[in-house]
Structure formats: structure tokens, C-alpha cells
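The listed protein sequences derive, respectively, from chains A and B. Residue numbers for the first sequence follow our numbering, beginning at 32 and rising by one. Residue numbers for the second sequence follow our numbering, beginning at 231 and rising by one. Remarks on the structure that follows.
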Amino acid sequence: MNAAYKEPDVAALKARAAQLRGTVITMCHAASSAHLGSSLSCLDVLTAAYWHVLNIDPANPTDPDRDRFILSKGHAAMALYATLANRGYFPVEELKTYNQDNGRLAEHPPANLLPGVEAATGSLGHGLPIGIGMAVAGRIQKRSYKVYALLSDGENNEGSVWEAAMFASAQKLDNLCVIVDYNKWQATARSNETLMLAPLADKWRAFGWDAHEIDGHDVGELARKMQALPNGSGKPVALIAHTVKGKGVSFMEDDNNWHYRAPTADEVVKAHKELGLV
Amino acid sequence: MRNAFADELTALGNDDSRLVMLSGDIGNKLFDKFRAAHPERFINCGVAEQNMTGVAAGLAMSGMRPITYTITPFCTTRCLEQIRTDAAYHDVPVTVVSVGAGLAYAGLGPTHHACEDIAFLRAIPNMIVIAPGDAWEVRAALRAVMQQNKPAYIRMGKKGEPVVHKGRLDNFKIGESITIEQGSDVCLLSTGNMLPEVIETAHALKEKGVSAEVVSFHTVKPLDEKRLQDAFSRYKLVATIEEHSLIGGFGSAVAEWIVDSGIAPKKFLRFGTPDAFFKKSGEQEFAREQLELTGHQMAHRILHSLA
């Protein structure tokens, strides 16, 4: 099922990312939910993954040979929902039910409820071990699928991430790729003033991974790096993606108030204008 | 129990290519046969139980049948959230097998005791909780668990415990307790490795003219409600016996059932460990004696209650 290398259509990916940002901002306003900044910072990763890298078929979401993408930073659920709906896993119309009573789109991705959600996340430090289990299963079953796990930088506080990191490198899981959304903020403070993550790429390297620092908003580079798996290093790959929390909207960028704040109707219009959507 | 588990595991692993054994850096020699036969399906996960349990969930989501294994506190309470969120919430067939339940490893101290695990695990939706009474029940429980699709917990004692059953239990069913000895006055419901002790209780009672039914109540969740109904209607005294805290364990589960089912028990006794850590040095037999959980001590308390 491994697709041959293909060059990313950067313009199309950029347009898609802008559209998804607009959708997420609308959802956040409608639901008055938290985690807008966290969702905006990782949307280029999701766009590159779902519109270029992943070998998936939304009509067959449980195909045993599919690539797996786990949003380990489950609080960015809005970004995942907007991505999955626009990719065809469920109707875009259903996004209006986000965080409403009796819906399928809760503030964190649910288990066994919504097509395309590989794992129910929200408690940090769980997605990578689960992804490793999937990667090991692929090896045992002699399948060639790949597993991607998107972690937040704050999530790197969790000890289970480092248990998993040492396990994956000992197992030489070169069908596994971690992307760290390194936006330098966690819920209430600067990441490196909370627990010392820096030097983050060196830490992953020291734990036996083939780690690379990249611009987490460069969809072309993200697509190329994520697609090159296995990359010949014989190791699992860690992409330390430097990002900006609230990316795409000037008055949200790098302002941690948007970890919890939802935009007003006026702010939604302003944001959509900046994204070139109106 | 431990050696029977390893032996049964190897046999099952030969028949079922989905079975993956994950060990928390323990019992490597124990699993030599399994490892030799299926090297790709034996993984020493090191001293990293959170990861081991998450990996098991990922394997189970991908069609495999993983077993996580280490000393009881480390594969239950240490990684409780992974059991709850990764295995049980996703409702995937991860099997947690623990060794040294209760006070089986009394001498190792409270860090290695496990008298709270049933309480925690039975509170989790979708979980099956089994505490086999002897080595044959361990084998049967493992086979039964592998034939269904839910997350499950098998709580084992240690190696070299008395074997109660005479051979393979072909009719073993999850949630269906087993009559060990028939009696007419009192009913002793035993879960887990207390079973040999409970048989002693019955024999001590017999010497005093009290006829005791002995039941291996191996499955704590789901409860064998039919058996409970029968026991509380037929006997003048029913007792639950477990090497686990009186808070939240088997006895608590039965007490909850009594309240919810609206029956009025004639006499109901719960035997278990107190709400305290057992800090003294010494082996399991010593700990049981201190906590009044030997066969004779339990018989004494039952006789006192009947008097």
C-alpha cells in the first residue's frame, strides 16, 4: 500500500490549512470551547498528514493496512474534527454539533464513536504508547503501514512519553513518527519555564530517535519529512515542529489567553479576513 | 499458579497467532518456551508499565491479543489510567495478568502487596475481573479470556500454592462460580488464592458439626448473581473470603448486590484485609495469621457468629 514518493502541492495545502483554521475558529466561537490556540498551532501538521502523507481511505476507516494518525494532544480535537470531516470521514455539517448535547464531537476525541479517530485522547502521554502498539502489531502482521503520533510540547512533561520513547528506539520501530507541536506554551505558562524541555530535539536524539527540527508551519517540509518513513536511519523519527500557538491570526499568535478563550462574533470575522476567507 | 500460567500461555500461543506476551521485566526464564517458539510475540517492556499497558492497547486495537504481566501493584495500580482509558474505554481485549496478589509476596513489604487492585479494576466499565482459586483455574481463566473480546484482569497468587482441582476444567465459564465442596449449613464464597484456606475452614467447621458449602467464586466481575441468590436463600450464614481489602473488594461487591437486590441476609460475614498497610516482615502464612485469615481462625469466627 506504500504510495510512491510524490511532491507536495504546497499552494493547495496552504489553502486547505487556511480553510481549516477558519472552520476551527467558527466552531470555537459557536461552542465557546477552550483550546483554540492549541488547535491552530497544529493545523499545518494535520493538513500535510491528511492531504499528502497518509495512505488512507475515508470510505474504509478500519482498513487493517491503513496508516494511523493519532492526535495524542487530544485537546486539539477541533482541529482533528475539522480535518476528518473535510477529508470525508463524516459530514462537514456535523461540525455544527461540536460540544453540543447528544453529539459525537466532544471536547476530546471519543473512543469507538467517530470514524477516523484512531484513539480517544485527552489525557496526555497516552497516544504514543498506543501508536507504538499499533506499530508493533504491523511488524508482527507483516503489514507496511506507518504510524504517526502528534504530541504537544507540554505533553513531553509526561513520564509515559519517555518510557515510550526508550521502548520504541529499543524496538527499532522505523515505521513510527512523532511530531511534537513545539509552540512553547503549555496551558498556563511558557513550556520551558515549567519543565525544562530544551534542548528538545537533543533529548529525543538521546532517547534513540532520528530527530529533526523543522518549521511546523511549512506544509511542504512537513509533508516531505513525514512521507519519508522509514527514512533509512533504522530508528523511529521525531519531528520537532517549531510552531506558533494561535498561528494564522495576528491577534491570537503567541498569546496564551487563547488556550482557554473563545472568539467573539466580531473576532471571527476579523480572523476570517486575515486568513483570506472572506 | 505462576508456572501453570506460563505453561498454558505457551500452549495458547502455539494455537493463536494473535497472542502477544508483554512482560514488565520479570519472569524471563519462566517464559523461555514461549519466547523460543514465538520470539516476535514476546516483548520485555522493561520497568515501564504505563508504556507496556498503552502498547498492549495499541496491539489490541490492531487485532492482536496482548497480555501484560508483572507483580500485581505494578501492572494494576501503577498504570491504572492506561488500563481505564487505553484498554477499557476503547473496549479492546487487553488481558492484565498479575502475580503476587494480596499478601502472596508479604515478605517483600507493602510496596509489593496488593489489597486494593480488585476495588480499582472492578470500578472500571467493560473490565472483567477474575481471581482464580488454584493453578487449574488460572489455566481455564486464561483460555476463557482469550475466547472473548473484552479487557480482562486475571489476579494470580504465586508459585507452588496447593492445587484444589483434580485436573483441567473444561466447563469453566467467566462469571460462573464453581462448587468445591457441598454443605448445608453455611456457604463459604472464596475468591482467589484463599481457596485452600477456605477448604481448611470447612474442614474445621465439620469437626464442630457444621456443614459448609465451599464455592470458588473466581469471577468478581461480573458477579454470579444466580449463585448469590441461591446462597443467601439456602444457608443460615454466607461468608465472602478474599485476600484483599474489605473496602471495595469481593465482599464489597456482594454487599452492594445484597442492597441492590433487596434481599435480607440471615447472616453475612466478610473476611478480608483491614484498612491498613501490613508493615511487619514475614511471609504470607504469618501475615494471614496476624490478620486472622487462616482457615482455623475463620472457622472460629463463623462458629462464634452461629452461636
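Where a beta carbon is used, it is the ideal one built from N, C-alpha and C, also for glycine.
| request: Per DSSP, which residues does B/K403 bridge with? Please list them. | output: What you label residue 403 of chain B is simply residue 173 of the second sequence in a count that begins at 1. In DSSP, B/K403 forms a bridge with B/E406.
| Option nearest B/L419 by Cα separation, candidates B/G405, B/G439, B/L399, B/V444 | The residue labelled residue 419 of chain B in the question sits at position 189 within the second sequence. Residue B/V444 is the option with its Cα nearest to B/L419.
| field | Continuous alpha helix (DSSP H) assignments of at least 4 residues falling wholly in the stretch 295-339 of chain B | value | Taken in chain order, the unbroken stretches of alpha helix (DSSP H) that lie wholly in the stretch 295-339 of chain B and span 4 residues or more are 302-305.
| said: Buried or exposed, going by whether 16 or more other CB atoms sit within 10 Å of the CB of A/H106? | reply: In the first sequence, counting from the first residue as 1, residue 106 of chain A sits at position 75. By the neighbour-count rule (16 or more Cβ atoms within 10 Å), A/H106 is buried.
| Residues of its chain near B/P495, where Cβ-Cβ distance is below 7 Å and the 5 sequence neighbours each way are ignored | Here residue 495 of chain B is taken as the residue at index 265 of the second sequence, counted from 1. Counting only Cβ-Cβ distances below 7 Å, and skipping sequence neighbours, we find F462, V468, I488.
| query | List, in order along the chain, the chain A residues whose C-beta lies closer than 8 Å to that of B/C275? | reply | Start at 1 with the first residue of the second sequence, and residue 275 of chain B comes out as number 45. Within 8 Å Cβ-Cβ: F198.
| query | Could you give the residue range of the beta strand (DSSP E) that holds B/K417? | reply | As a first step, residue 417 of chain B is located in the second sequence; it is residue number 187 there, counting from the start. Here residue 417 of chain B is Cys; the residue named in the question, Lys, does not match the sequence. From DSSP, the beta strand (DSSP E) with B/C417 extends over 416-420.
| Is the stretch 421-428 of chain B touching the stretch 470-481 of chain B in the sense that three or more CB pairs, one from each, lie closer than 8 Å? | Yes, they touch.
| query | Would the beta-carbon of B/I477 fall within 8 Å of that of B/L499? | reply | Looking up residue 477 of chain B in the second sequence gives position 247. Looking up residue 499 of chain B in the second sequence gives position 269. Going by C-beta atoms, B/I477 is not nearer than 8 Å to B/L499.
| task | Report the residue ranges of all alpha helix (DSSP H) runs contained in full by the stretch 169-201 of chain A; include only those spanning at least 4 residues, in chain order. | result | List check, alpha helix (DSSP H) in window: 190-201.
| said: Spatial neighbours of B/Q514 within its chain, please: C-beta separation below 7 Å, excluding the five flanking residues on both sides. | reply: The residue you call residue 514 of chain B lines up with position 284 of the second sequence. Cβ neighbours of B/Q514 beyond the five flanking positions: L333, A334, A336.
| query | With 16 other CB atoms within 10 Å as the buried threshold, where does B/A506 fall? | reply | Sequence index remark: in the second sequence, residue 506 of chain B carries index 276 (1-based). So B/A506 counts as exposed.
| said: Using DSSP's beta-bridge definition, name the partner residues of A/S103. | reply: Walking along the first sequence from the start, residue 103 of chain A turns up at place 72. A/S103 is bridged by DSSP to nothing; it lacks a bridge partner.
| task | Using a Cβ-Cβ cut-off of less than 7 Å, give me the residues of the stretch 277-295 of chain B that come near chain A, in sequence order. | result | Along the stretch 277-295 of chain B, going in chain order, the ones with a CB nearer than 7 Å to a CB of chain A are A278, Q280, N281, G284, V285, A286, A287, G288, L289, M291, S292, G293, M294.
| query | Going by Cα to Cα distance, which pick from A/W82, A/T114, A/D96 is closest to A/P174? | reply | Translated into the one-based positions of the first sequence, residue 174 of chain A becomes position 143. The displayed chain sequence assigns Arg, not Pro, to residue 174 of chain A. Looking from the CA of A/R174, the closest CA among A/W82, A/T114, A/D96 belongs to A/D96.
| request: Report yes or no: is there a C-beta of chain A within less than 8 Å of the C-beta of B/D316? | output: Indexing the second sequence from 1 puts residue 316 of chain B at position 86. Against chain A, the CB of B/D316 has a partner CB under 8 Å away; the residue lies at that interface.
| Can you list the residues of chain A that B/D400 reaches, using a CB-CB cut of under 8 Å? | Here residue 400 of chain B corresponds to residue number 170 of the second sequence, with the count starting at 1. Listed along the chain, the chain A residues whose CB falls inside 8 Å of the CB of B/D400 amount to none; the nearest CB is some 30 Å away.
| Chain-ordered chain B contacts of A/P95 [CB-CB under 8 Å] | Residue mapping note: residue 95 of chain A aligns to position 64 of the first sequence, counting from 1. By Cβ distance, chain B contributes S292, G293.
| Which residue or residues does DSSP assign as beta-bridge partners of A/H273? | One-based indexing of the first sequence puts residue 273 of chain A at position 242. When DSSP reads this structure, A/H273 sits in a beta bridge with A/Y213, A/D246.
| query | Which chain B residues sit within Cβ distance under 7 Å of A/I210? | reply | To locate residue 210 of chain A, count along the first sequence from 1; it is residue 179. Chain B residues near A/I210: none, gap ~17 Å exceeds 7 Å.
| With 16 as the cutoff for other CB atoms within 10 Å, does A/Y36 come out buried or exposed? | Reading the first sequence from its first residue, position 5 is the one you call residue 36 of chain A. With fewer than 16 Cβ atoms within 10 Å of its Cβ, A/Y36 is classed as exposed.
| Are the C-beta of A/M32 and some C-beta of chain B separated by less than 8 Å? | Taking the first residue of the first sequence as position 1, residue 32 of chain A is located at position 1. Confidence is the limiting factor: at A/M32 the pLDDT is only 39, short of 50, which leaves the residue's position unreliable, though a coordinate-based value still follows. Residue contact with chain B for A/M32: absent (no Cβ-Cβ distance below 8 Å to any residue of chain B).
| query | Who pairs with B/V468 in a beta bridge, going by DSSP? | reply | Taking the second sequence and counting its residues from 1, the one referred to as residue 468 of chain B is at position 238. Paired residues: B/C417, B/F498.
| field | Complete alpha helix (DSSP H) runs within the stretch 437-465 of chain B (minimum length 4 residues, chain order) | value | 455-464, all fully within the stretch 437-465 of chain B.
| Among the residues of its own chain, which have a CB less than 6 Å from the CB of A/L67, if the five just before and after it don't count? | The count along the first sequence starts at 1 and reaches residue 67 of chain A at position 36. Residues C59, W289 of the same chain have their beta carbon placed closer than 6 Å to that of A/L67, with the five preceding and five following residues left out of the count.
| Who pairs with B/N274 in a beta bridge, going by DSSP? | In the second sequence, counting from the first residue as 1, residue 274 of chain B sits at position 44. Assignment of beta-bridge partners to B/N274 by DSSP yields B/S253.
| message | So A/A137 contacts chain B; which residues on that side make the cut at Cβ distance below 8 Å? | response | The sequence position of residue 137 of chain A within the first sequence is 106, counting from 1. Residues of chain B passing the Cβ test: none, with the nearest at roughly 12 Å.
| said: Quick check on DSSP: helix, strand or coil for A/Y291? | reply: On the first sequence, residue 291 of chain A is found 260 positions in, with the first residue counted as 1. Coil at A/Y291, not helix or strand.
| field | Cβ pair count under 8 Å reaching 3, the stretch 48-57 of chain A against the stretch 186-202 of chain A | value | In this structure the stretch 48-57 of chain A does not touch the stretch 186-202 of chain A; the number of beta carbon pairs closer than 8 Å is below three.
| Would you call the stretch 301-318 of chain B and the stretch 446-453 of chain B touching, i.e. three or more CB-CB distances under 8 Å? | Verdict: no, contact absent.
| field | Among B/A361, B/A483, B/Q280, nearest to B/S446 - alpha-carbon criterion | value | Along the second sequence, one-based indexing puts residue 446 of chain B at 216. The residue among B/A361, B/A483, B/Q280 with its C-alpha nearest the C-alpha of B/S446 is B/A361.
| Best match in B/P323, B/K263, B/L521, B/D460 for proximity to B/M376 [C-alpha to C-alpha] | The residue given as residue 376 of chain B occupies position 146 in the second sequence. Nearest C-alpha to B/M376: B/P323.
| On the three-state DSSP scale, how would you describe B/H534? | In the second sequence, the residue the question calls residue 534 of chain B occupies position 304. Correct three-state label for B/H534: helix.
| query | Where do the N-terminal and C-terminal ends of the alpha helix (DSSP H) with A/R236 fall, by residue? | reply | As a position in the first sequence, residue 236 of chain A is number 205, starting the count at 1. Annotation for A/R236: the continuous alpha helix (DSSP H) segment containing it runs 231-237.
| Minimum length 4: unbroken alpha helix (DSSP H) runs contained in the stretch 88-171 of chain A | Here the runs fully enclosed are 108-118, 158-171.
| Should B/Y319 be flagged as near chain A, meaning a C-beta pair shorter than 8 Å? | Along the second sequence, read from residue 1 onward, the residue named residue 319 of chain B stands at position 89. The beta-carbon of B/Y319 is placed less than 8 Å from the nearest beta-carbon of chain A.
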